[in-house]
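Chemist:
Residue numbers (this note's numbering): 104 to 378.
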């Protein structure tokens, strides 16, 4: 009996000796995993705080610029010794900055609404050819005094189905990108294509462009091309995110292409007409 008990105790002690390093290693792994998870959460929180700070700074800059321009043009318009041509130019500048300010504010409001899933698309029938032709004047003004806007290609469909407010917001964002990221004077070329019921509008600029590997990342919220444009160019990183979301709701495809740094960008809208 004593020999049996001794053998049993010997087996138990041997098992404990074998289990101790295993349990010790397992405990170490669990503690290490806990530290990694904690570090990841802290890093994520720090990154979120950084993004929020950068976003607030960018929004402040984006809103202050048109407001400052509006204040200046308003003060100049109060002068009584202006020539008619000077007054017309100031009014034109005033209108352009109002459109730009409206676009920035609407982009911020739409982003908040879409995050809250409170967006409903109200699509109507639109004569795309007439709409683009009419908008060319406004878009040319938005590019600025030195901006150049040209167009070539096919006539666009007379009947497409879109949410007019969303579609206008998408195009304004593409025009604003061409102005903001221009490498010198803003130059934008529109190429329109049509094959059967399929149509395309390509917005091609001669700006800073981006790395081709970033073509899909550009449509993520708050994402901005890393190495193409100078960091001095402010932006919220919401324009293309909203454009992508709006296009998805309207059944329109949007893609971005670039041949690299300082080689411009091509953003294309593509869809199908009603007939």
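Ideal Cβ placement from N, Cα and C applies to all residues, glycine included. Note that this is a predicted model, so its numbers are computed, not measured.
(1) Tell me the rounded alpha-carbon separation between residue 131 and residue 272.
(2) Using a threshold of 9 Å, state whether the C-beta atoms of residue 368 and residue 359 are closer than that.
(3) Would you tell me roughly how many angstroms separate the C-alpha atoms of residue 316 and residue 234, rounded to the nearest one?
(4) In or out: residue 279 buried (at least 16 other Cβ within 10 Å) or exposed?
(5) Could you say which of 183, 355, 363 lies nearest to residue 310 if we only look at CA atoms?
(6) Does the structure place the region 288-296 close enough to the region 246-264 that three or more beta carbon pairs sit under 8 Å?
(7) In the DSSP output, which residue or residues are listed as bridge partners for residue 252?
(8) With which residues is residue 326 paired in a DSSP beta bridge?
(9) Return the residue from the list 200, 191, 344 that minimises the CA-CA distance to residue 170.
(10) Exposed or buried, residue 357, counting other C-beta atoms within 10 Å across all chains shown (16 or more means buried)?
(11) Could you tell me the boundaries of the alpha helix (DSSP H) in which residue 380 lies?
(12) For a quick check, are the C-beta atoms of residue 276 and residue 343 less than 9 Å apart?
(13) Put residue 374 into one of helix, strand or coil per three-state DSSP.
(14) Name the DSSP beta bridge partners of residue 309, please?
(15) Please state the DSSP three-state secondary structure of residue 355.
(16) According to DSSP, simplified to helix, strand and coil, what is residue 174?
(17) The alpha helix (DSSP H) spanning residue 228 covers which residue range?
(18) Can you tell which of 324, 322, 366, 266 has the C-alpha that lies nearest to the C-alpha of residue 313?
(19) Under the assumption that residue 307 contacts residue 319 (Cβ atoms under 8 Å), give the Cβ distance between them as a whole number of angstroms.
(20) Counting C-beta neighbours from all protein chains within 10 Å, is the total for residue 191 16 or more, i.e. buried, or is it exposed?
(21) Rounded to whole angstroms, what is the Cα-Cα separation between residue 377 and residue 265?
(22) Nearest by alpha-carbon distance to residue 322: which of 302, 351, 299, 301 is it?
Modeler: Reading it off the structure:
(1) Residue placement at residue 131 is poorly supported in this model, since its pLDDT is 49, which falls under 50; the coordinates are not used for a value here.
(2) For residue 368 and residue 359, yes; Cβs fall inside 9 Å.
(3) Each residue's alpha carbon lies about 33 Å from the other.
(4) Residue 279 is buried by the Cβ-count criterion.
(5) Looking from the CA of residue 310, the closest CA among 183, 355, 363 belongs to 363.
(6) Touching, yes.
(7) Partner residues in the beta bridge of residue 252, as assigned by DSSP, are 291.
(8) Secondary-structure assignment with DSSP links residue 326 through no beta bridge to anything.
(9) Nearest of 200, 191, 344 to residue 170, Cα basis: 200.
(10) Buried.
(11) There is no way to answer for residue 380, as the model of the chain reaches only from 104 to 378.
(12) Yes, they are a contact pair.
(13) The answer is strand: DSSP assigns residue 374 an E or B state.
(14) As far as DSSP is concerned, residue 309 takes part in no beta bridge.
(15) Residue 355 falls in the coil class under three-state DSSP.
(16) In the structure shown, residue 174 falls within a helical segment according to DSSP collapsed to helix, strand and coil.
(17) In the DSSP assignment, residue 228 falls outside any alpha helix (DSSP H) and lies within the beta strand (DSSP E) extending over 226-229.
(18) When the alpha-carbon of residue 313 is set against those of 324, 322, 366, 266, the nearest one is in 366.
(19) The beta carbons of residue 307 and residue 319 sit about 19 Å from each other, so the pair does not count as a contact at 8 Å.
(20) Residue burial is scored here from C-beta neighbours: residue 191 has fewer than 16 other C-beta atoms within 10 angstroms and is therefore classed as exposed.
(21) Rounded to whole angstroms, residue 377 to residue 265 spans 11 Å at the Cα level.
(22) The candidate whose alpha carbon is nearest that of residue 322 is 351.
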